[in-house]
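Colleague: Let me begin by handing over the structure; questions about it come next.
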Amino acid sequence: MTTTAQNVSTQDTTAKTRTPAGTLYADAARDHLWGHFTRHSVFESPADGGLGQQIPIITRGDGWKIWDDQGNEYIDGLAGLFVVQVGHGREELAQAAAKQSRELAFFPLWSYAHPRAIELAERLAGHAPGDLNRVFFTSGGGESVETAWKLAKQYFKLTGKPTKHKVISRSVAYHGTPQGALSITGIPDAKAMFEPLVPGTHKVPNTNLYRAPEHLREDEKAFGRWAADRIAEAIEFEGPDTVAAVFLEPVQNSGGCFPPPAGYFERVREICDEYDVLLVSDEVICAFGRIGSMFACDDFGYVPDMITCAKGITSGYAPMGAMIASDRLFEPFRHGTTAFTHGFTFGGHPVAAAVAMTNLDIFERERLGDRVKENAPAFRATLEKLLDLPLVGDVRGAGYFYGIELVKDKTTRETFNEAESERLLRGFLSKALFAAGIYCRADDRGDPVIQLAPPLIMGQAEFDDIESRLRGVLTEAENYL
Ligand SMILES: Cc1ncc(COP(=O)(O)O)c(C=O)c1O
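Numbering (the numbering used here), first residue to last: 3 to 483.
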């Protein structure tokens with residue numbers, strides 16, 4: 003049985019884990035580690051104006067379970083960060099990394115190649131739809147997004163449309179933190195501190211059906227058409243000669259899992275073809291079985307011009323990303339002195355590529371994609387039971403990827419104001435969920451949501467366990483409000 007997590011004082015002498023320098027991990031983390039998207043005041047001592055909490059330190063994983071340094075066990079409801087598709091603790095992946103490190107630990111793809119990158123490129127091209135046959139490796143999702151935008155710009159410069167450089171993307175969508183990717187990102191709060199960002203990005207409405215204009219809420223198809231047409235409108239407004247690409251996730255993560263309404267991508271593809279604008283499917287989260295197929299564009303029946311991916315490509319056993327482009331986009335680079343003057347030292351790292359190959363072996367052997375497709379309706383139905391709680395307004399998503407939107411008033415769909423959301427999410431939910439033995443995400447980059455994206459190996463028993471823990475915490479949250 004999972005023991006519940008406690009906040010252990012950093013002075014607690016029962017804490018067993020220490021750094022090689024003899025410091026308690028929690029103290030060394032507080033004093034030296036800079037967390038990503040982390041409010042450090044939470045971990046500072048009250049004497050320094052902080053809350054004196056201990057940063058959770060995760061030391062071990064096995065399957066869908068993780069443990070902290072105090073020995074407490076949790077369900078990994080987020081696969082780390084939408085990453086660990088095959089689950090934690092796979093010896094086979096550790097072995098693949100060790101073997102490759104012995105054989106060739108590193109070599110770049112700068113005018114050279116190595117077997118693992120070649121094998122992986124061939125394999126990914128085999129899985130990608132249409133003529134997306136060319137793989138450019140990176141070390142993560144943000145780099146993949148940067149790569150796709152730069153390729154779009156250079157492609158149009160090489161093919162006689164040099165003024166096409168702008169990008170359309172959707173409100174509240176997250177596409178990464180490098181300055182180009184951040185410019186494409188549609189979360190103003192994540193961008194404000196870094197303005198001015200790369201110019202030439204424009205936002206259109208996302209596909210949040212729950213928050214759709216009222217006259218479209220009951221007609222998904224009409225909403226999809228409306229949302230897609232906003233892209234055409236933006237292209238017209240910016241000038242078709244200036245727009246290079248549209249970046250869309252198959253299911254938008256930020257805001258809480260917005261699946262595409264029926265017909266949406268069909269219409270987007272039409273629009274992109276009409277205006278000669280490249281469609282980039284940002285599958286950093288959605289690829290590698292998260293929705294069911296190897297690439298999620300297949301789940302929704304469209305063929306993009308580029309796919310950006312990362313995370314699940316190695317199930318997180320090594321860092322890696324990729325941008326996969328169509329033959330058409332590679333064509334100008336096959337001739338003369340032309341090169342895509344872009345690269346990353348660690349892009350296509352041999353150890354990461356070897357891990358990715360073995361990760362894909364596991365996908366095939368265990369039919370993980372089929373498993374997701376078979377289990378997704380049951381996962382959804384289990385989470386939908388939570389709709390009987392007054393706080394739960396909507397359950398949405400696809401595959402093994404769901405968002406549960408929390409509302410103040412179910413009838414009117416009224417959401418929480420900033421202070422309430424702060425109190426609910428940071429003041430209560432994040433800690434209470436973890437204390438209840440479930441690691442998942444309470445997010446308010448859009449309206450407040452709880453997000454779930456567990457390892458793809460989970461089944462009904464784990465869905466039930468997740469539902470029951472969420473139910474307990476959300477019921478308690480009502481008293482707290
Ligand atoms: C859709 C999407 N694109 C890009 C990124 C950035 O990926 P990374 O954090 O690997 O740079 C993310 C990260 O979550 C993402 O969800």
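We put the beta carbon where it would ideally sit given N, CA and C, even for glycine.
Owing to the predicted nature of the structure, the values given are computational and were not obtained by experimental measurement.
How is the beta strand (DSSP E) around Thr477 delimited, first residue to last?
Modeller: Where Thr477 is concerned, there is no enclosing beta strand (DSSP E), although the alpha helix (DSSP H) it sits in stretches over Gln462 to Tyr482.
Colleague: Indicate whether the contact test is met: 3 or more Cβ pairs, each with one atom in the stretch 279 to 295 and one in the stretch 361 to 373, closer than 8 Å.
Modeller: Counting Cβ pairs under 8 Å, three or more are found: they touch.
Colleague: Please determine whether the Cβ atom of His116 lies at a distance below 6 Å from any heavy atom of ligand 1.
Modeller: Because no heavy atom of ligand 1 lies under 6 Å away, the Cβ of His116 does not count as near it: no.
Colleague: Apart from the five residues just before and just after Gly318, which ones in its own chain have a Cβ nearer than 7 Å to its Cβ?
Modeller: Closer than 7 Å at Cβ, skipping near neighbours: Gly82, Val85 and Val86.
Colleague: Measuring straight from C-alpha to C-alpha, what distance separates Arg32 and Pro110?
Modeller: Going by the C-alpha atoms only, they are around 36 Å apart.
Colleague: Mapping the DSSP letters down to three states, classify Lys155 as helix, strand or coil.
Modeller: In the structure shown, Lys155 sits in a helix (DSSP, three-state: H, G or I).
Colleague: Among Val353, Leu426, Phe403 and Ser423, which has the Cα closest to the Cα of Arg104?
Modeller: Checked all of Val353, Leu426, Phe403 and Ser423; the closest Cα to Arg104 is Val353.
Colleague: Any idea what DSSP makes of Val270, helix, strand or coil?
Modeller: Three-state result, Val270: helix.
Colleague: According to DSSP, simplified to helix, strand and coil, what is Ser47?
Modeller: In the structure shown, Ser47 sits in coil (DSSP, three-state: anything other than H, G, I, E or B).
Colleague: Take the Cβ of Thr384 as the centre, count every other Cβ of all protein chains shown within 10 Å, and call the residue buried at 16 or more, exposed below.
Modeller: Thr384 is buried by the Cβ-count criterion.
Colleague: Just verifying my parser: in three-state terms, what is the DSSP assignment at Trp112?
Modeller: Coil at Trp112, not helix or strand.
Colleague: From the DSSP output, in three-state form, read off Met322 for me.
Modeller: The answer is coil: DSSP assigns Met322 none of H, G, I, E or B.
Colleague: Thinking C-alpha only, which one of Ala479, Ile459, Glu464 and Asp467 is nearest His90?
Modeller: Minimum Cα distance to His90 is reached at Ile459.
Colleague: Given that a residue counts as buried once 16 or more other Cβ atoms are within 10 Å of its Cβ, and exposed if not, what is Thr414?
Modeller: Burial call: exposed.
Colleague: Helix, strand or coil: how does DSSP classify Glu416 here?
Modeller: In the structure shown, Glu416 sits in a strand (DSSP, three-state: E or B).
Colleague: Quick one: is the Cβ of Asn210 within less than 6 Å of any heavy atom of ligand 1?
Modeller: Not so, every heavy atom of ligand 1 lies at least 6 Å from the Cβ.
Colleague: Go to Tyr76, then tell me how far its beta strand (DSSP E) extends in each direction, as first and last residue.
Modeller: Segment Glu75 to Asp78, the beta strand (DSSP E) holding Tyr76.
Colleague: Is it true that the CB of Ile273 sits closer than 7 Å to the CB of Ile326?
Modeller: Taking 7 Å as the Cβ cut-off, Ile326 and Ile273 do not qualify as a contacting pair.
Colleague: Would Gly188 count as contacting chain D if we go by Cβ distances under 7 Å?
Modeller: Given the protein chain composition of this structure (a single chain), no chain D is represented.
Colleague: What residues in its chain sit with their C-beta under 6 Å from that of Ala183, if we drop five residues either side in the sequence?
Modeller: Excluding sequence neighbours, Ala183 sits near Gly144, Val147, Glu148 and His177.
Colleague: Return the first residue and the last residue of the alpha helix (DSSP H) that Met359 is part of.
Modeller: From DSSP, the alpha helix (DSSP H) with Met359 extends over Pro352 to Arg367.
Colleague: On the criterion of 16 or more Cβ atoms from any shown chain inside 10 Å, does Asn419 qualify as buried, or is it exposed?
Modeller: That one is exposed.
Colleague: So Ile233 is in the alpha helix (DSSP H); what residue range does that whole segment cover?
Modeller: Glu222 to Glu240 is the extent of the alpha helix (DSSP H) around Ile233.
Colleague: Is it buried or exposed for Ile308, if we count other Cβ within 10 angstroms and need 16 for buried?
Modeller: Looking at the sequence itself, residue 308 is Met, so the reference to Ile does not match. Buried, by the Cβ-count rule.
Colleague: Is Ile186 near ligand 1, in the sense that its beta carbon is under 6 Å from a heavy atom of that ligand?
Modeller: Not under cutoff, so the answer is no.
Colleague: For Thr203, does the three-state DSSP call read helix, strand or coil?
Modeller: Looking at Thr203 - three-state DSSP - the assignment turns out to be strand.
Colleague: Just how far apart, CA to CA, sit Arg428 and Val286?
Modeller: Distance between the alpha carbons of Arg428 and Val286: 26 Å.
Colleague: Would you decide whether His167 is buried or exposed? Buried here means 16 or more other CB atoms lie within 10 Å of its CB.
Modeller: Its Cβ being crowded by 16 or more others within 10 Å, His167 is buried.
Colleague: Rank Val279, Tyr266 and Gly132 by C-alpha distance to the C-alpha of Lys163 and give the top, closest one.
Modeller: Comparing Cα positions, the closest option is Val279.
Colleague: At what residue ranges does the stretch 262 to 316 contain a whole run of the alpha helix (DSSP H), taking only runs of 4 or more?
Modeller: Counting only runs of 4 or more, we get 266 to 277 and 298 to 301.
Colleague: Just checking Asn255 against ligand 1 - is the residue's beta carbon closer than 6 Å to any of the ligand's heavy atoms?
Modeller: For ligand 1, at least one heavy atom lies less than 6 Å from the Cβ of Asn255.
Colleague: Which residues mark the beginning and the end of the beta strand (DSSP E) in which Glu216 is found?
Modeller: Counting along the chain, Glu216 falls outside any beta strand (DSSP E), and DSSP gives it neither H nor E.
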